[in-house]
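Before any comments, here is the structure.
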Amino acid sequence: SLSRHHVFSKGDVCNPRLLNHIFSSKNIDVIFHLAAKTHVEASFESPSTFQQVNIEGTRVLLGAAHQARHQPQRFIYISTDEVYGASLHEVFDESSPVRPSNPYAATKAAAEYLVRSYWDQYKFPIIITRSNNIYGPRQYTEKVIPRFLTLLQMDKKCTIQGTLPKSRHFLFVSDAINAFLLLLEKGIVGEIYNVGTSCEIPIMQLARELVRMVKKVPESEVNDWLEFVPDRPRVDLRYPIKCEKLQQLGWRAEVSWTEGIRQTVKWYRDNPDFWSDISEDQPPIRREFENAATTVVPISSES
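Position one of the sequence shown corresponds to residue 34 (our numbering), numbered consecutively onward.
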């Protein structure tokens, strides 16, 4: 429940009337812009939806924030490591070229350029973050960890896509939040900050680990809970980033993989019906963009 100091407005980030009303009726000091469609596979199937929410939504929100009579002190745009494209050996820093390789990443990169333009033209106080995969309790079931956990709870196998050894860097949600709050306090306006972790887990290892934790089967039976399916379109193998720039401000990822995944597995075990729309024949992402998608925009509390 929200305290009396907070107002929750549910609406479409692409709706200028709503956003202009919010900015004219509340004195908003800080915007964290996280509203986005993020599923890579779906972005190939429905690129226009991703363009609408991720690019047009950012344009509308920037416009409303910039025109507000009470000028915001920070506009923090949460982007993704995927704007760099894939790498086998190179580790990306904030000055690395942007080479998005799927429609989702392309829309996030385009939105970044929009955000940067408001700094270049108006000195509007923006900060951009590019973060690794964030995981933890309450994550929607389209993402790999909650999807595997939900499938296992339904006595279904973890589906591994393709044969190439993909891996992802995983950052626990509380570490990500601490990074965002530190950048709000100490980040330099106009700058980009990577939010990264050294915790790189191959997807196959992830699946096997979750099988052991959820099913508690002997090692000889772990592979019985894995199923290999055709690869989804052109998914990059890995996105390694370095984040010395953020670490120089005093940030460190503090939650170990062992502790983070323990908390996550426990939450999904204790809340099996929180996301109740996952099914084998209609995964939630399909239902999401078949319906008219509504983006939930959390607006910061009144000052």
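C-beta: ideal position from N, C-alpha, C; glycine also. The model shown is predicted, which means the values in this text are computed figures rather than measured ones.
Taking 8 Å as the threshold (C-beta atoms), are isoleucine 160 and alanine 101 in contact? Not closer than 8 Å, so no.
Given a cut-off of 8 Å on the beta-carbon distance, is the pair glutamine 194 and aspartate 264 in contact? For glutamine 194 and aspartate 264, yes; Cβs fall inside 8 Å.
Can you tell me where the alpha helix (DSSP H) with asparagine 135 in it begins and where it stops? Counting along the chain, asparagine 135 falls outside any alpha helix (DSSP H), and DSSP gives it neither H nor E.
Look at the alpha carbon of leucine 279 and the alpha carbon of serine 253, and state the distance between them as a whole number of angstroms. Distance between the alpha carbons of leucine 279 and serine 253 is about 43 Å.
Within the same chain, show all residues whose beta-carbon is closer than 8 Å to that of glutamate 323, passing over the 5 residues directly before and after it, in chain order. Note that glutamate 323 has pLDDT 34, beneath the 50 cutoff, so the model's placement of it is unreliable and no number is given.
Please classify tyrosine 146 as buried or exposed, where buried requires at least 16 neighbouring CB atoms within 10 angstroms. Its Cβ having fewer than 16 others within 10 Å, tyrosine 146 is exposed.
Taking Cβ to Cβ, would you say isoleucine 234 is nearer than 8 Å to serine 207? Contact flag unset, no.
Alpha helix (DSSP H) containing leucine 197: first to last residue? Careful: leucine 197 lies outside any alpha helix (DSSP H) and carries neither H nor E.
Hey, threonine 182 and valine 247 are a contact pair by Cβ (cut 8 Å); roughly how many whole angstroms apart? One point to set straight first is that residue 182 is leucine, not threonine, in the sequence displayed. Indeed they touch by this definition, with Cβ atoms about 7 Å apart.
Here's a check: name, in chain order, each residue in its chain whose Cβ is nearer than 6 Å to the Cβ of arginine 271, leaving out the five neighbours to either side. Taken in chain order, the residues that qualify are Ser200.
Please go through the same chain and pick out, in chain order, the residues whose beta-carbon is closer than 7 Å to the beta-carbon of glutamine 84, but skip the five residues on each side of it. Leaving aside the five residues that flank glutamine 84 on each side, the residues in its chain whose CB is nearer than 7 Å to its CB run, in chain order, Thr140.
If the criterion is Cβ atoms closer than 8 Å, does the pair alanine 209 and isoleucine 274 meet it? Their beta carbons are not under 8 Å apart, which means alanine 209 does not touch isoleucine 274 by this criterion.
With the cut-off set at 8 Å, would you say leucine 215 and tryptophan 284 are in Cβ contact? Going by C-beta atoms, leucine 215 is nearer than 8 Å to tryptophan 284.
For valine 124, collect the residues of the same chain with a Cβ closer than 8 Å to its Cβ; drop the 5 residues on either side in sequence, then sort them by chain order. Result list for valine 124: Pro273, Ile274 and Lys275, in chain order.
Which residues mark the beginning and the end of the alpha helix (DSSP H) in which threonine 71 is found? Note, threonine 71: premise wrong, no alpha helix (DSSP H); not H, not E.
DSSP on valine 40, reduced to helix/strand/coil? When DSSP states are grouped into helix, strand and coil, valine 40 belongs to the coil group.
Would you please state the rounded distance, in angstroms, between the beta carbons of glycine 169 and threonine 297? I believe it to be under 8 Å. That belief holds up - the Cβ atoms of glycine 169 and threonine 297 are roughly 6 Å apart, short of 8 Å.
Could you check if lysine 43 is buried or exposed, using at least 16 other CB atoms within 10 Å of its CB as the buried criterion? Burial call: exposed.
Alpha carbon to alpha carbon, how far is glutamate 218 from arginine 92? Give it in angstroms, no decimals. Distance between arginine 92 and glutamate 218, taken at the CA atoms: about 25 Å.
Please name the residue, chosen from Ser164, Glu175, Gly223 and Val73, that lies closest to serine 231 on a Cα-to-Cα basis. Taking the Cα of serine 231 as reference, the smallest distance to any Cα among Ser164, Glu175, Gly223 and Val73 is reached at Ser164.
Taking the beta carbon of histidine 39 as the centre, do at least 16 other beta carbons fall within 10 Å, making it buried, or is it exposed? Answer is exposed; the Cβ neighbour count stays below 16.
Measuring straight from C-alpha to C-alpha, what distance separates phenylalanine 213 and tryptophan 258? Near 37 Å, if we compare the C-alpha coordinates of tryptophan 258 and phenylalanine 213.
Which residue's Cα is closest to the Cα of alanine 138: Arg171, Ala98 and Lys70? Closest by alpha carbon: Lys70.
Please report the residue range of the beta strand (DSSP E) in which asparagine 166 lies. Segment 166–168, the beta strand (DSSP E) holding asparagine 166.
Quick check on the burial criterion: 16 or more other C-beta atoms within 10 angstroms. Buried or exposed for glutamine 281? A residue is called buried once 16 or more other Cβ atoms fall within 10 Å of its Cβ, and glutamine 281, having fewer, is exposed.
What distance in whole Å lies between the Cβ atoms of histidine 72 and glutamate 224, which are believed to be in contact at a cut-off of 8 Å? Incorrect: roughly 28 Å between the Cβ atoms, too far for contact.
Can you have a look at tyrosine 155 and say buried or exposed, based on whether 16 or more other CB atoms are within 10 angstroms of its CB? The C-beta of tyrosine 155 has fewer than 16 other C-beta atoms within 10 Å across all chains shown, which makes the residue exposed.
Measure the C-alpha to C-alpha separation of valine 244 and phenylalanine 307 and round it to an integer number of angstroms. Their Cα atoms are separated by approximately 20 Å.
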